[in-house]
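So the structure is just underneath, and the comments pick up after that.
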Amino acid sequence: MPISRLMRIAIALVATAALLRGQIDTENADPLRNIFEMARQFEIPVMTQPDWARREDAPRFRMAWITDLHITNVTSRTLVTAACHAIRDDIKPNFTIVTGDNAGYYWDLSDAEKKEPVGIRRHRWLKRFLDSELAVPYVVVPGDNWPWDFEKIFGATHYSFDFGGWHFHFASTDNQAIGVEGCVTFSPASWEWMESDLANAVAKPTLFINHEPLWPPSFLDALPATQMIVRNPNVLAVLSGHLHLDLEFQRDGWRQFVAPAIGRSHRAGFKVVNFYPDALIIETYEWQESKQAFLPAAKWQQQPVPEKYRDALAGPAIAGFTPENRREMPPQAKYVDKTLGQRAKELNVNMMTFIMSFGVGKLLGQ
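Using mature numbering (1 follows the signal peptide of the UniProt record, and there is no 0), the letters of the sequence shown correspond one by one to residues -17 to -1, 1 to 349.
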């Protein structure tokens, strides 16, 4: 059910007042938990299909998007398997993106493989699982859970390619304080690479894909990253996971889309992005317990494409997946930086920025 204007006002004011009055403990509370509880009020609602989602023309290509698989036991593995099979057998997109927090466990390794570091074991199993159960072409980034040794199996954590006239930019944080949510940063080399790659793609509409959302600012470098996006207006949207919620926020000419989790979710789901010359139309699939299947939910989102890009995006439907102009940073291991944990209070300041600019402004219709 859509949230009424009065309810939006109440939520914005209560959240802001709670912070100002100290009802949210900014000294000791988990700042990401504060964001989660507030953001949950604004999940994408069930709706009647809007006119803009009723298309007679076929998309040029389709991309499935799964995130926060959290494969840690047989139950979560079974649920993720069902999602992969729905994508592989029914949806049949050109490719799939997997945006982090992927697998914390492993099965069916050889005796020699069981002697490898646990991070390698997890990612080795995950790759075999995706190759078998998803099968369609996929690209993957790590999250803040179980990122260690990702590069030894999957390779680069910063890379990009072009497909169907679009530029796809994949990013991952490089430094992390273990056990302190959100205390992750990019390295100087990664900042330089990201800026260069986005600037080189200035003529193409671009999607920036990262595990942690930039908006709400969910990690230490989120606000500098939003400034980078603003400097590169070819970036039309940021695609993230991490919050385990189905969300969308607008900021400074670009949209932040947050996909729901499959594992550890109050409503397991994934997204399918349809690429048209004039817009992205995003569909949601959710787990239906009674049907034991992922089925279309009555939820649609859109990202308009500026007129200047549309001619280059026009053309017949694209079969298969043949990316072009792939660029990547040399693979590098994620670095444990215990000192980042000392900056946890910065996340509270970032959360206040989000509440004041989004909660009080845009929720009031300004």
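For every residue, glycine included, the Cβ atom is placed at its ideal position computed from N, Cα and C.
All values reported here derive from a predicted model rather than from experimental measurement.
Between which residues of its own chain and residue i is the CB-CB distance below 6 angstroms, once the five residues before and five after are set aside?
i: P125; result: G83, F133 and S155
i: G87; result: T55 and W129
i: G102; result: W131 and D132
i: A205; result: L197
Work out the CA separation of residue j and residue i for me, nearest whole Å.
i: A300; j: M46; result: 13 angstroms
i: D229; j: Q286; result: 15 angstroms
i: V255; j: E266; result: 5 angstroms
i: F258; j: A297; result: 10 angstroms
i: S170; j: I192; result: 17 angstroms
i: Q239; j: P100; result: 35 angstroms
i: P42; j: A220; result: 18 angstroms
i: V319; j: S179; result: 26 angstroms
i: T79; j: A69; result: 12 angstroms
i: Q325; j: E164; result: 12 angstroms
i: K187; j: A65; result: 35 angstroms
i: W283; j: L197; result: 22 angstroms
i: H53; j: H194; result: 13 angstroms
i: E96; j: W90; result: 11 angstroms
i: V119; j: K291; result: 32 angstroms
i: F144; j: H152; result: 7 angstroms
i: H227; j: V81; result: 14 angstroms
i: D127; j: Q159; result: 8 angstroms
i: W176; j: D235; result: 23 angstroms
Using 10 angstroms around the beta-carbon of residue i, count the other beta-carbons present and answer buried if the total reaches 16, otherwise exposed.
i: W149; result: buried
i: Y121; result: buried
i: V241; result: buried
i: A208; result: buried
i: R105; result: buried
i: T189; result: buried
i: G162; result: exposed
i: R107; result: buried
i: R233; result: The question names Arg, but residue 233 in the sequence shown is Gln. By the neighbour-count rule (16 or more Cβ atoms within 10 Å), Q233 is not buried but exposed.
i: L117; result: buried
i: L278; result: exposed
Can you list, in chain order, the residues of its chain with a C-beta nearer than 7 angstroms to that of residue i? Leave out the 5 residues immediately preceding and following it.
i: L3; result: Low local confidence applies: a pLDDT of 39 at L3 is under 50, so the model's placement there is unreliable, with the coordinate-based value given in what follows. Within the same chain, L3 has no close Cβ partners at all.
i: E329; result: L203
i: G5; result: Since pLDDT at G5 reaches only 41, below the 50 mark, its modelled position is unreliable, and the value read off the structure follows with that caveat. Counting only Cβ-Cβ distances below 7 angstroms, and skipping sequence neighbours, we find nothing.
i: N308; result: F144 and D145
Starting from the C-beta of residue i, find all residues in its chain whose C-beta is less than 8 angstroms away, skip the five residues before and the five after it, and write them out in chain order.
i: A281; result: V29, M30, T31 and Q32
i: K110; result: I136 and F137
i: S(-14); result: Low confidence applies to S(-14): its pLDDT is 36, below 50, so where it sits in the model is not reliable, and the reading given next is rough at best. Correct list: empty, nothing qualifies.
i: N217; result: H150, L181, A184, V185, A186, K187, P188 and T189
Starting from the N-terminal side, write out each stretch of the alpha helix (DSSP H) that is 4 residues or longer and does not extend beyond the segment 163 to 197. 171 to 183
For the segment 289 to 333, which segments carrying the alpha helix (DSSP H) assignment without a break, of at least 4 residues, lie completely within its bounds, in sequence order? 290 to 296
Please list the segments of the alpha helix (DSSP H) lying wholly inside the segment 201 to 277, counting only runs of 4 or more residues, in order along the chain. 205 to 214
Restricting to runs no shorter than 3 residues, where is the beta strand (DSSP E) found entirely within the segment 70 to 134? 78 to 82 and 121 to 124
3-residue-minimum beta strand (DSSP E) runs that sit fully inside the segment 43 to 71, ordered along the chain: 44 to 49
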